[in-house]
Every structure is written in C-alpha cells, then in structure tokens.
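Remarks on the structure that follows.
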Amino acid sequence: MTGPQREATRLLYKALHLGLSPTNDAEYRELLGKYRADGAFAESVQDAAIGMELMILDVSERGLIVAPSSRESRFSLRLTDLRQHLNGEQKVALAMAHMAISAVFFPTTDRLEDDAKTPLPATVGRFRDTLLSLVSRLAEADAPVDAAEELLPGWALLKRLPPVNPKAERASTNSVEGFVKLALKQMAEYGLVRLERESEDDAQALYTATHRLRVHLRELTLPRLFDLTRESVAI
C-alpha cells in the first residue's frame, strides 16, 4: 500500500471513529486539510470509500462524515440491528423515537438546510411530548394511510404505554419516555446528539444535536416520514 493510500484509509478510519474530532486530533486535522486542498488525495479517499461500500456525505472543518452506500454494506444499520433484545413492535417504536428527537432539533426544512442555524437544545420531556403527538396523529383517521400502516406496530405499542413510568429503569421499554431515553442513548453512541446537562428530573436532561445528525438527516432520511414527524412538533 502506497503512502497516499495509507493516508486515505487512515482518514476514513478517523471518520468512522465517532469519538474523534479534528479539533483535538492533529493527524485527523492534517488529513482533513489535505483532502480539502489536494484533489488527487480527495479522489484516493473517495475510491477507498467506494471499496469499503461507504459514501462521503460531507467534509468541513468539523470532520469527514461518511455513511453506508448500500444496505449490504458492513457499516449499514438496519432496523433489526436496533437493540437485538427488542421485539418487532419495540424496534419500530424505537425508530419512531429517533425521528421525534430529530424533528425537535430540525422542525423546518430551512433550519435543517442552513448550517448557520444552530439547533436549539431540547429536553427529554420535549422529545417525549413530540413522540406522543406523532402517535396521536398516526392514530387519527386523517393521518396518511401508508405512513400509519407502515408504523402501526410502533405507534400502537406506544399508545398503550404510559407517558412516564417513575418506577422503571432510566432507559426502558416500559414507557414512552423510556423509548426516548433508549433512542438518545443510541444516538449519543453514534455521535448524533450530545448530553449538555444532566438533571435529577430525567425529563429535564438537556441534549443538543451534532453536525453529524444534520448531515445524516439531510442526505439519508426518507422525506415523507420525516415531514410527517416534524408536523407533530409543537413550535
């Protein structure tokens, strides 16, 4: 493997390491600068990404953001990968919690598309209430039939659950808020959100979205489903 090839794969490794940031990693920062300044090196990185079944979504001083290029990619996250111990309806409910959280941070297309508009921090309680609003909307007769049917296992389960279960574990499947906490934990592990402030009252714990979440929503999310979720956000 030549020097440029090693550097290309090294940059992709850095991009896949969700805990790294160019701000505190000199090598990452140097390779990122080379990608942005050297067209030949950028092409080498893109070729290496293709070979790994990855696609480059965004490159900026914040870092290189990559995603699987196909469902068959080793890096692809499927619904079946969400919490292996969950059953089918619980996995759909968890996916809905992910969407509700994302919609709170980016309630409009303008806020999603404009990098200058920093998403406002939000609490667990806000995410929970948005998810409850989405469940109510899907259960109503005027909700889009295809979306309601597609998400039926999830919203039907959430509709049966209490909004909060004070006796449950901090993150569990025993309440709507529990699903929100599970989703937040997973999103934090993938570098999509960041805990800004803990609280003795779990509902008041404060989270912020990362640039990675913005890019993934902008490039990868199914617009119809995300738009439906955003309509449930209380502005």
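Mapping of the sequence shown onto this note's numbering: residues 152 to 386, in sequence order. Virtual Cβ for every residue (Gly too), placed ideally from N, Cα, C.
Asked                                                                                                                                      : Found
List in chain order: all unbroken beta strand (DSSP E) runs of 3+ residues lying wholly within the segment 248-310.                        : none
Strictly by DSSP, which residues pair up with T359?                                                                                        : R345
Taking the alpha carbon of R288 as the point to measure from, which residue in A334, F330, A307 and A273 has its own alpha carbon closest? : A307
Is A218 helix, strand or coil when you go by DSSP?                                                                                         : strand
Considering only C-alpha positions, which residue in the set T361, Y179 and T160 is nearest to P272?                                       : T361
Here's the rule: buried if 16 or more other CB atoms are within 10 angstroms of the residue's CB, otherwise exposed. What is Q241?         : buried
Just verifying my parser: in three-state terms, what is the DSSP assignment at M338?                                                       : helix
In three-state terms, what does DSSP make of L389?                                                                                         : Past the edges of the chain, shown from 152 to 386, lies residue 389, and the structure says nothing about it.
Any chance the segment 243-260 sits against the segment 328-347, with 3 or more Cβ pairs inside 8 Å?                                       : yes
In this structure, how does DSSP classify D352 when only helix, strand and coil are distinguished?                                         : coil
Under 8 Å, with one C-beta from each stretch per pair, do the segment 352-360 and the segment 193-213 reach the 3-pair mark?               : no
If distances are taken between C-alpha atoms only, which option among I216, A177 and Q197 comes closest to L169?                           : I216
Look at the Cβ atom of S326, then the Cβ atom of L335, and state whether they are nearer than 7 Å.                                         : no
List the endpoints of the continuous beta strand (DSSP E) containing D209.                                                                 : L205 to S211
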